[in-house]
Amino acid sequence: MSEEYGRMPFDRAYRRIKAERLQRYGQDGERSGRVTFHEIRIHGDKENMYDAAADAYVPMKYVQFADSEVVIAALADDMDFARGFYASYADDLFGTQALQCLYAHIGSDMRRFQLKPYAANDDMDKHLMIYGLGDASRQALSNVHPSTVRFQSGTGYANITGSYRELAPGRDYYGTLIGSDIVSIVGCNNEIPPAPLSAVVDIGLETHADYRRNGYAVSNVTAMSAYLTGKGHVVQYCCNNRNANSIRTAAACGFQAVANEKTVWCVNG
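With the UniProt record's numbering, the residue at position 37 of the sequence shown is 37, and numbering never jumps.
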C-alpha cells in the first residue's frame, strides 16, 4: 500500500469491505501472527475448484489488507507451499519474484488436473487493487462536470463506451453526455437494497478511448459515489495494478486503499 493511503484512518468503508472480502476465504483457518491460511477443499475433484464468476479454476488466492493482515487460501496439498511462499516473500507478496515462484509451482502442480495457469494479457504480473469510500466529505464535488448525467435503461442516449451494453432495469448509471452519446460511464455491478438497508456497492468504469484524459472518469465516479454514499452505502472500486489511470481516479475521488489481492486462475490445457 502507498504511504499516502497508509496514513488514512481505517473507516467504515474499509471495515465493511474487509469483512465482506474475508467471507470469500471461509470462516475457519490456521492463524499464524498476521497471516491466516485457509484450506480449499476439493476432495480430488477439480470441479470443486471452479469459480463460476471467473469462469476458471482457482487453486490459490491471497489478499493483503492495508492494516498488513494477510489471508492465503490454497488446496490442502499446497498448504506447505503456501506457508513457505509467505515465509519467503512476506515483504513483497505481489513482486515479480514472488509471482514467478507462485506460477512455477501452480503450473507444475495443476498438470495432475490437466489445468494450466491463465497467463494471457500479462496476467501473471497483475493483481487486483481494492478501494473503498463511505464518507462523502472526502469527495470534491467540484470535480463533477456539467456534462455528467444520471440515467437508467430506456434512455435515448447512445452508450459508445463498450461497457454496460445492456443497462439493468431500474438501476442508476452516471455518464458523460456529448451530443447524444454517453462517452464515459459508471455503473453498479451488484444489486442495491432499498432504504434503510445499506450495502457494499461495487462500481465499474469505462471511457471511450477518444475521450480519455478529460476528467470524465473522475467526474462520473465522484457523482456516482456521492449518490451512493448519500443513501448510506459503501462504494467499492477495483482495478488492476497496471491501470494507472484508474489508480489516479481512485485517489482523485477520495477512495481509501483497502487491499491488494492475487487470484491464480487456471484453465483447461
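Backbone N, C-alpha and C fix where the C-beta goes; we use that ideal spot for every residue, glycine too.
Strand pairing of residue i, partner residues [DSSP]
| i | result |
| --- | --- |
| C188 | I203 |
| F65 | A259 |
| C266 | Y57, P117 |
| D91 | DSSP output for D91 lists no bridge partner at all. |
Distance CB(residue i)-CB(residue j) smaller than 8 angstroms
| i | j | result |
| --- | --- | --- |
| T176 | V218 | no |
| D78 | P59 | yes |
| T207 | V183 | yes |
| A73 | H105 | no |
| G254 | R138 | yes |
| L115 | G269 | yes |
| I203 | G215 | no |
| R150 | Y174 | yes |
| L133 | A19 | no |
| L205 | S246 | yes |
DSSP state of residue i mapped onto helix, strand, coil
| i | result |
| --- | --- |
| Y5 | Annotation note: pLDDT 42 at Y5 (below 50); position unreliable, coordinate value reported separately. Reduced to three states, the DSSP call for Y5 is helix. |
| I106 | helix |
| E39 | strand |
| G44 | coil |
| D77 | helix |
| Y86 | helix |
| residue 326 | Residue 326 is absent from the model: the chain starts at 1 and stops at 269. |
| A195 | coil |
| R16 | helix |
| R31 | strand |
| L99 | helix |
| L177 | strand |
| L128 | strand |
Beta-carbon proximity list for residue i, same chain, < 8 angstroms, skipping 5 on both sides
| i | result |
| --- | --- |
| A56 | Y50, Y118, W265, C266, V267 |
| A98 | F85, S88, Y89, D92 |
| R34 | S68, E69, V70 |
Own chain partners of residue i with C-beta closer than 7 angstroms, once the 5 adjacent residues on each side are dropped
| i | result |
| --- | --- |
| R7 | Caution is warranted here: a pLDDT of 45 is assigned to R7, below 50, making its placement in the model unreliable, and the coordinate value is therefore given only provisionally. Closer than 7 angstroms at Cβ, skipping near neighbours: no residue. |
| N147 | Note that residue 147 is Ser in the sequence shown here, rather than Asn. Once the five neighbours on either side are set aside, the close Cβ partners of S147 are T176, L177, I178. |
| A199 | I192, P193, H233 |
6 angstroms CB neighbourhood of residue i in its chain, flanking five on each side removed
| i | result |
| --- | --- |
| H127 | F94, N241, N260, K262 |
| F81 | H105 |
| Y62 | I72, K262 |
Residue i CB to nearest heavy atom of the ligand MN below 7 angstroms
| i | result |
| --- | --- |
| P196 | The ligand MN is not part of this structure, which contains no ligands at all. |
*Just list the beta strand (DSSP E) runs in the segment 130–162, keeping only unbroken ones of 3 residues or longer that don't cross its boundaries, in chain order.*
Here the runs fully enclosed are 148–151.
*Which runs of the alpha helix (DSSP H) spanning at least 4 residues fall entirely within the segment 207–261, listed in chain order?*
If we require 4 residues or more, the alpha helix (DSSP H) runs fully inside the segment 207–261 come out as 216–230, 244–252.
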